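Numbering (our numbering), first residue to last: -11 to 419.
Ideal Cβ placement from N, Cα and C applies to all residues, glycine included.
Bear in mind that the values here come from a model prediction, so they are computed numbers and not experimental data.
Structure, as structure tokens:
Next up, the structure:
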């Protein structure tokens, strides 16, 4: 797998920013001053509190594995805060039938003192050029502002669900799976979150691996979780004693009621029994009137596990955003559920990929070739629409109705038949 840290800064972005007397450079993670300045600027950019020394200590270890870039005033010294940040790394992305390397982008910030100067454009286009130069076929990110990234060809490809349950109304209808539930301490919770997610992530398209600091903060054993003392963990073991699921959660009192809300930070399961057991634990917990969870698959079976589905509120929102950089390589990397033979005309204003491509699917596998006869185009779409379709989490029929896909209704339906995976894509962490 490509190590993003080996890829130099993009010269086009460096030149564009130099014209504004700004320096665009890699952060030296061997330098305490340079690394701390990057972390402080990142916290400021996301409107967080000034990080404490113990938070900085654990974050420093986390960023060493990433390609970290800062934008600085030209006269800045080492240790001065950058006016913009970004970092990236190459990670496996689960796709239907396998994996593909993805250029993951995070920590995108621009200081409020330097807005409207094209810095975000330099950062994002610089990351895409770096990824393409490394031969990575797709880039991805999770976003705090959904209106920024479409101009760079990203599009929402992995919708997820936010779930809120009125436990008194919903009740519980499912049986009790064989196996057992047990509480675990926070150190065990961290290790179990890691282990179960690593299996779970291979079962659905859209997932990526987690990392040590992600699990440490979620389990409340790493600095940076302001509610660490409220974190609790429970795991499910099957009849043979194998761990098949885990849940990290916290309980907060509902004012004036001596009743509680359970907030689920992460529910990971690798079998249907594990999922049912963990949901049952949550919804039947003593004194709990409300259960909430986010980043759930949109086909989560919970509404079918309760007595009254109207007690379950499920709100779908965008989460995982993708940007195809090499259409042929990306399309070949996954499997498909139905045969397909279409010529796609893909418009990529940034010029990374596109043109007319013939996509032929036989026995689940794709052949992709350049089409020399544009007159035979079956479907036209922009790179954002292709990126949205890629994992099968967004419907071609819906994109056609929105004017994002120019094709006959039958062609759009055929694309859906081929691209749709056996389970809805999901992404259960932020990155």
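- Boundaries for residue 405: no beta strand (DSSP E) harbours it, while the alpha helix (DSSP H) harbouring it runs 397 to 407, taken from the DSSP string.
- Residue burial is scored here from C-beta neighbours: residue 388 has at least 16 other C-beta atoms within 10 angstroms and is therefore classed as buried.
- Residue burial annotation: residue 295 is exposed, with fewer than 16 other C-beta atoms found within 10 angstroms of its C-beta.
- Judged by DSSP in its simplified three-state form, residue 41 adopts helix.
- Secondary structure at residue 418: coil, using DSSP grouped into helix, strand and coil.
- Taken through DSSP and simplified to helix, strand or coil, residue 206 comes out as helix.
- Contact annotation: residue 403 and residue 377 have beta-carbon atoms nearer than 9 Å.
- Ranked by Cα distance from residue 156, the options 73, 28, 279 are led by 279.
- The criterion of a C-beta distance shorter than 9 Å is satisfied by residue 164 and residue 268.
- Of all alpha-carbon atoms in 177, 139, 168, the one lying nearest the alpha-carbon of residue 339 is that of 139.
- Here residue 12 is buried. Its C-beta has 16 or more other C-beta atoms within 10 Å.
- By the neighbour-count definition (other C-beta atoms within 10 Å, threshold 16), residue 112 is a buried residue.
- Counting only residues of its own chain and dropping the five nearest sequence neighbours on each side, residue 374 has a CB closer than 6 Å to the CB of 312, 334.
- Here residue 144 has 134, 306, 307, 308, 309, 376, 382 as same chain residues with Cβ atoms under 8 Å from its own Cβ, once five neighbours each way along the sequence are excluded.
- Taking the Cα of residue 86 as reference, the smallest distance to any Cα among 236, 194, 254 is reached at 194.
- Pairing residue 406 with residue 331 gives a Cβ-Cβ distance that is not under 9 Å.
- Straight-line measurement puts the Cα of residue 101 at about 45 Å from the Cα of residue 222.
- With respect to the C-alpha of residue 359, the residue from 369, 371, 345 having the closest C-alpha is 345.
- Membership of residue 91 in the beta strand (DSSP E) is indicated by the continuous run 86 to 98.
- The region 204 to 250 is shown to contain whole beta strand (DSSP E) runs of 3 or more residues at 220 to 225, 231 to 242, in chain order.
- Excluding the 5 residues flanking it on each side, residue 210 has same chain C-beta neighbours closer than 7 Å at 46, 201, 204, in chain order.
- Here the alpha carbons of residue 68 and residue 266 stand approximately 47 Å from one another.
- One Cα belongs to residue 153, the other to residue 252, and the distance between them is close to 11 Å.
- In the structure shown, residue 371 falls within a helical segment according to DSSP collapsed to helix, strand and coil.
- Residue 146 sits buried, since 16 or more C-beta atoms from the chains shown fall within 10 Å of its C-beta.
- Its Cα nearest to that of residue 410, the residue 286 stands out among 337, 302, 286.
- Residue 113 sits in a helix when the DSSP states are folded into three classes.
- Counting every other CB atom within 10 Å of its CB across the protein chains shown gives residue 304 a total below 16, marking it as exposed.
- Under the three-state reduction of DSSP output, residue 26 falls in the helix class.
- Here residue 319 is buried, its C-beta having at least 16 other C-beta atoms within 10 Å.
- Closest by C-alpha distance to residue 363, out of 371, 372, 351, 343, is 343.
- Taking C-beta atoms under 8 Å as the contact rule, residue 284 and residue 136 fail to qualify, at a distance of about 25 Å.
- For the pair residue 329 and residue 183, the Cα-to-Cα distance works out to about 40 Å.
- Residue range 328 to 335 is occupied by the beta strand (DSSP E) that includes residue 329.
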